[in-house]
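J.:
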């Protein structure tokens, strides 16, 4: 340290002032680049993450409200035997059931040929009426129709 002090004192007054200004500017640059800028960038990043989290929270609250509305208005399982209700709904929709097997609280059905759009619409309608799809297998027949095997059960409270 004493060698630097001796070197500094050996400079002219003008050079000493310029060296002091240079050291001050270097300190300001290091302070800005090493402290102020990273803190400012971190704060901006935190603000952005907070804004995104608020948006996601609002979306999730809206989805929760939709789910609760669906749960309040969800239909009950059909009265009477489940197999009869499924057979009646299939007849109403124009689907020919190749197989209908009651299995406790579930019913397995097979449909040999059906158009995919109306079949999926019918399945959605069943769920809207309180009949849930427990398992399904839908395969293409190669002629634009599909074959379906479904296991359905009634909705419980």
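In the numbering used here, the protein residues as written are 535 to 691.
Just so you know, even glycine gets a beta-carbon here, dropped at the ideal spot from N, CA and C.
Values in this document were obtained by computation on a predicted structure and should not be read as measured data.
(1) Identify the continuous alpha helix (DSSP H) that holds residue 633 and give its terminal residues.
(2) Within the continuous beta strand (DSSP E) that includes residue 640, where are the two ends?
(3) Does the separation of the CB atoms of residue 643 and residue 672 fall below 9 Å?
(4) Do residue 606 and residue 656 have their beta-carbon atoms positioned less than 9 Å apart in this structure?
(5) Between 600, 543, 572 and 684, which has its C-alpha nearest residue 641's C-alpha?
(6) Look up residue 700 in the DSSP assignment and say whether it is helix, strand or coil.
(7) Between which two residues does the beta strand (DSSP E) containing residue 667 stretch?
(8) Assign residue 544 to one of three DSSP states: helix, strand, or coil.
(9) Can you tell me whether DSSP reads residue 689 as helix, strand or coil?
T.: Let's see:
(1) Run containing residue 633: none in the alpha helix (DSSP H); it sits in the beta strand (DSSP E), 631-637.
(2) It spans 640-648 - the beta strand (DSSP E) in which residue 640 sits, taken as one unbroken run.
(3) no
(4) In this structure, residue 656 lies away from residue 606, with their beta-carbon atoms at least 9 Å apart.
(5) The shortest CA-to-CA distance from residue 641 to any of 600, 543, 572 and 684 is the one to 684.
(6) Nothing about residue 700 can be read from this structure; the chain reaches only from 535 to 691.
(7) 665-674
(8) coil
(9) coil
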